Amino acid sequence: MKLNLQAVCQVAFLSLCCLLTVGTQYVPGRCLCPQTQSGVRGQLKELRVLPQSATCGNVTIIVTLKSNDYDVCLNPNAPMGKQLLRCWNRAQKLGRDVKVCLKRRRRRRGQRQKQNLRAQGHKRRGLSSNPQ
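Position in the sequence shown counted from 1, then plus 1131, gives you the working numbering.
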């Protein structure tokens, strides 16, 4: 049986096309962070935000802890995740460094008590200032 060169080339081309189509089919990818935490304690060293992509439908927030260099995935719907995401978006929009988002604002000692006393004082003054 004599093989025709043209037939062999056609079969090879058809096989190659089949392999390329099977190889390029969409396979749903996985997110970089399968599990997330609502928050972390300690100082943060680095912040990475990955937007939604074809492989992952979620915004991914990854922070690196300063104490042990662990990468932690944060839930973008948790308060800490929302705060970091809002700060990251603002920094990107204004062209600033994202390191500003990593600094936590700490309250001074007794500041909450002073605020409560001020609020109570305003309430008292508000009641006494009404004309009778």
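From the three backbone atoms N, C-alpha and C, an ideal C-beta is built for every residue, glycine too.
Because the structure is a prediction, the values reported are computed rather than measured.
Asked                                                                                                                               : Found
Simplified DSSP state of Val-1171, which is helix, strand or coil                                                                   : coil
8 Å Cβ cutoff met for Val-1171 and Val-1194                                                                                         : yes
Contacts around Leu-1136, its chain only, beta-carbon distance under 8 Å, and the 5 residues preceding and following it disregarded : none
Beta strand (DSSP E) segment containing Leu-1205, residue limits                                                                    : 1202-1205
C-alpha gap between Leu-1145 and Pro-1210, whole angstroms                                                                          : 55 Å
From Leu-1233, Arg-1227, Asp-1202, Thr-1186, residue whose alpha carbon lies closest to that of Gln-1214                            : Leu-1233
Own chain partners of Gly-1212 with C-beta closer than 6 Å, once the 5 adjacent residues on each side are dropped                   : Ile-1192, Leu-1205, Asn-1206
Residue burial classification, Cys-1140 (beta-carbon count within 10 angstroms, cutoff 16)                                          : exposed
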